[in-house]
Amino acid sequence: MTPTRSADMTLTTRSAMTWQPDVDAFGADFAWGAATAAYQIEGAVAEGGRGPSIWDTFAHMPGRTTRGDTGDIACDHYHRWESDLDIIRDLGLRAYRLSLSWSRLQPSGTGPLNPVAVAHYRRLLGRLKEIGVRAFVTLYHWDLPQPLEDAGGWPARATAYRFADYAGLVADELGDLAEDWITINEPWCSSFLGYGTGAHAPGRSDLGEAVAAAHHLNLAHGLAVANIRHRRPHVAVGVAHIVTDLVTASEQPEDLAAAARYDANNNRMFLDPVLRGGYPVDVYELYRAQRLAELVRDGDEATIATPVDFLGLNHYHQLIVRHDPTVAHLQASTTPAEPATTSLRWSVTPESLRRVLVRVERDYPGTPIHVTENGASFDDYVDHSGQVADNERIGYLSGYVQAAAEAIREGVNLQGYFVWSLLDNFEWAEGYSKRFGLVYVDYHTQTRIPKASAAWYRDLIARHARAVG
Ligand code: FCB
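Laid out in structure tokens, this is it:
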């Protein structure tokens with residue numbers, strides 16, 4: 443038996459009762475959800491025919507993650523998925539965003555899908571359907587099968603075609619069980635952290651490789667959209683981009699130019715090709731030495747611009763950008779906006795969510811949006827009464843949900859909102875040291891304890907349901 447605590451999740455503070463965003467702004471079908479990703483929660487890395495991904499390899503290299511943490515066991519969700527889905531049901535979530543492990547489904551990155559993995563995900567998605575929860579399925583959340591990395595990884599153009607093939611096979615085998623599909627999560631992180639700074643898997647540090655990876659991830663997305671559509675014309679397909687709110691340190695021309703470069707790299711290099719038909723001129727200029735123009739072959743931009751049904755927007759915080767000649771790549775550096783009170787020193791600035799949503803509506807008008815990730819890490823702990831009173835997280839989430847309501851009132855076509863994350867989990871290079879969950883995980887016993895924020899979110903969703911009748 444999974445030691446899942448069915449605590450009554452009563453709110454433990456009076457002040458929490460006042461954290462009530464304006465739910466009237468959200469449509470009747472609004473997708474209130476929470477999100478996870480395969481490598482961060484599943485564990486069972488050598489079971490059911492799963493092969494290694496770049497994150498298995500990277501996490502096992504000395505010194506790459508905090509305390510040498512790995513996803514070997516993580517939340518053991520591969521074995522505990524049924525009781526974890528009970529938590530989703532008990533919270534009244536309308537939607538759940540999960541990712542599929544590519545190296546579980548297709549261990550070598552080519553060839554037919556692994557039937558054990560297909561059966562596993564069919565059971566999981568089938569159960570979500572049964573309990574009336576809308577699944578948003580991400581095909582790639584950073585866990586490239588190691589054999590594809592060995593063949594060149596994302597800097598190799600062939601990887602984009604491998605991904606498109608995988609997407610098509612998954613659409614064949616699982617496409618009947620979910621209406622909402624996300625091709626790739628945060629190509630910026632995969633390319634610039636994975637191949638540029640080396641902070642993430644596979645841990646390479648070469649700007650040219652990062653730029654090539656970025657283009658091939660974008661291309662992989664476009665090819666996959668077409669493949670999924672071809673097989674499943676009725677599902678909705680999108681991509682999840684991280685959109686960070688950038689503020690210039692001053693009105694000095696050099697700070698303004700630094701912020702524009704930063705924005706070109708982090709945001710427009712990914713949003714424009716999908717939603718505007720091509721890379722902006724300043725992105726081509728920024729990466730002239732890395733030969734972006736040569737990497738982009740005839741027809742690539744049209745492929746990447748294959749229409750999507752929605753944009754998944756991941757958003758957390760605000761950064762202040764200034765000119766900094768000591769930083770080779772962008773000649774720009776950032777500091778967090780204040781208050782930077784989360785345990786990652788990311789800012790708690792609800793206004794930043796309103797700003798990025800309004801910005802996307804301004805730059806790419808009419809795009810349906812789901813906030814596919816939003817949340818915060820705090821040093822949560824189980825108190826003497828066995829509860830986790832994460833009032834800071836309730837404060838964070840209520841501010842950001844209110845900001846989302848304001849964005850809708852300003853005309854943004856927002857259709858869903860997903861808290862990152864359902865469970866505390868393996869936070870990439872930070873290992874288990876950072877907790878983002880609505881539900882606390884005791885990694886020694888795998889006990890789940892819904893935090894006060896889980897009760898707050900459950901009540902918010904219920905209040906919205908009453909408001910829309
Ligand atoms: C995002 C990732 C997600 C999680 C959050 C905190 O960039 O997509 O997996 O790590 O950050």
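Residues 443 to 911 in this note's numbering are what the sequence shown spells out, letter by letter.
From the three backbone atoms N, C-alpha and C, an ideal C-beta is built for every residue, glycine too.
It should be emphasised that the depicted structure is a prediction, and the values quoted were computed from it without experimental measurement.
Relative to the C-alpha of E872, which residue among G490, D511, T499 and V802 is closest?
Per the Cα distances, D511.
Return helix, strand or coil for V612, following the three-state DSSP convention.
In the structure shown, V612 sits in a helix (DSSP, three-state: H, G or I).
Please give me, in chain order, every unbroken run of the alpha helix (DSSP H) with length at least 4 that falls completely inside the stretch 490 to 535.
Qualifying alpha helix (DSSP H) stretches, in chain order: 496 to 501 and 519 to 533.
Starting from F712, follow the alpha helix (DSSP H) in both directions and report where the run begins and ends.
Start and end: M711 to L717.
How about V579 and T625: are their beta carbons less than 8 Å apart?
No, the pair does not count as a contact, with Cβ atoms beyond the cut-off.
Hey, I530 and V465: beta-carbon distance below 8 Å or not?
No, Cβ-Cβ distance for I530 and V465 is not below 8 Å.
Would D622 pass as a contact of A682 if the rule is Cβ separation under 8 Å?
Cβ distance not < 8 Å, so D622 and A682 don't count as in contact.
State yes or no: is the C-beta of W523 within less than 8 Å of the C-beta of Y582?
No, they are not a contact pair.
Looking at the structure shown, is L734 part of a helix, part of a strand, or coil, going by DSSP?
It is helical.
Return the chain-ordered ranges of every beta strand (DSSP E) run that is complete within the stretch 760 to 841 and spans a minimum of 3 residues.
For the stretch 760 to 841, whole beta strand (DSSP E) runs of length 3 or above, ordered along the chain, are 760 to 765, 774 to 778 and 811 to 816.
For A849 versus R796, is the C-beta spacing smaller than 8 Å?
Yes, the Cβ-Cβ distance between A849 and R796 is below 8 Å.
Closer than 7 Å: is that where the CB of C631 sits relative to any heavy atom of the ligand FCB?
Because some heavy atom of the ligand FCB lies under 7 Å away, the Cβ of C631 counts as near it: yes.
Whole alpha helix (DSSP H) runs in the stretch 555 to 602 with 4 or more residues, listed along the chain?
As far as the stretch 555 to 602 is concerned, its whole alpha helix (DSSP H) runs of at least 4 residues are 557 to 572 and 588 to 592.
Determine which residues share a DSSP beta bridge with P463 and list them.
Bridge partners of P463: none, in fact.
In whole angstroms, give me the CA-to-CA distance for H906 and N709.
Their backbone Cα atoms lie some 32 Å apart in a straight line.
In this structure, does DSSP put G617 in helix, strand or coil?
Reduced to three states, the DSSP call for G617 is coil.
If A643 sits next to W497, beta carbons under 8 Å apart, how far is it from one beta carbon to the other, in whole angstroms?
Confirmed, Cβ separation roughly 5 Å.
In whole angstroms, what separates the C-alpha of A486 from that of G879?
Distance between the alpha carbons of A486 and G879: 20 Å.
In the DSSP assignment, what are the bridge partners of S541?
S541 pairs with T580.
Run through DSSP, which three-state label would D724 get?
Reduced to three states, the DSSP call for D724 is helix.
Going by DSSP in three states, Q857 sits in which element: helix, strand or coil?
Note: Q857 maps to strand in three-state DSSP.
Measure the alpha-carbon distance for Q694 versus Y704 and round it to whole angstroms.
So the two alpha carbons sit approximately 16 Å from each other.
I'd like the span of the beta strand (DSSP E) that includes R890, first residue to last.
It spans T889 to P892 - the beta strand (DSSP E) in which R890 sits, taken as one unbroken run.
Restricting to Cα atoms, I'd like to know which of G505, H521 and H502 is closest to I483.
Answer by Cα proximity: H521.
Would you report the Cα separation of V802 and H826, rounded to the nearest angstrom?
Going from the Cα of V802 to the Cα of H826 covers about 45 Å.
Which value, in whole angstroms, describes the spacing of the CA atoms of V689 and G741?
Distance between the alpha carbons of V689 and G741 is about 35 Å.
Taking just the CA atoms, how far does I891 sit from A897?
If I take the Cα positions, the gap works out to 11 Å.
In angstroms, rounded to a whole number, what distance separates the CA positions of A662 and Y603?
Each residue's alpha carbon lies about 7 Å from the other.
Nearest-angstrom Cα distance between S840 and Y608?
Straight-line Cα distance between these residues: approximately 38 Å.
Roughly how many angstroms lie between the CA atoms of I684 and G858, to the nearest whole one?
Each residue's Cα considered, the two are about 15 Å apart.
Here's the rule I'm using: 16 or more other beta-carbon atoms within 10 Å means buried, otherwise exposed. How should A700 be labelled?
By the neighbour-count rule (16 or more Cβ atoms within 10 Å), A700 is buried.
Please find out if some non-hydrogen atom of the ligand FCB comes closer than 7 Å to the beta-carbon of H683.
False, no ligand heavy atom lies under 7 Å from that Cβ.
Measuring only from the beta carbon, is Q857 closer than 7 Å to any heavy atom that is part of the ligand FCB?
Answer for Q857: no, Cβ out of range of the ligand FCB.
May I have the straight-line CA-CA distance separating M711 from E736, to the nearest angstrom?
Cα to Cα, the separation comes out at about 16 Å.
Which two residues bound the contiguous beta strand (DSSP E) that contains H683?
Element bounds for H683: A678 to I684.
State the Cα-Cα distance for the pair G595 and A467, rounded to the nearest angstrom.
Their Cα atoms are separated by approximately 43 Å.
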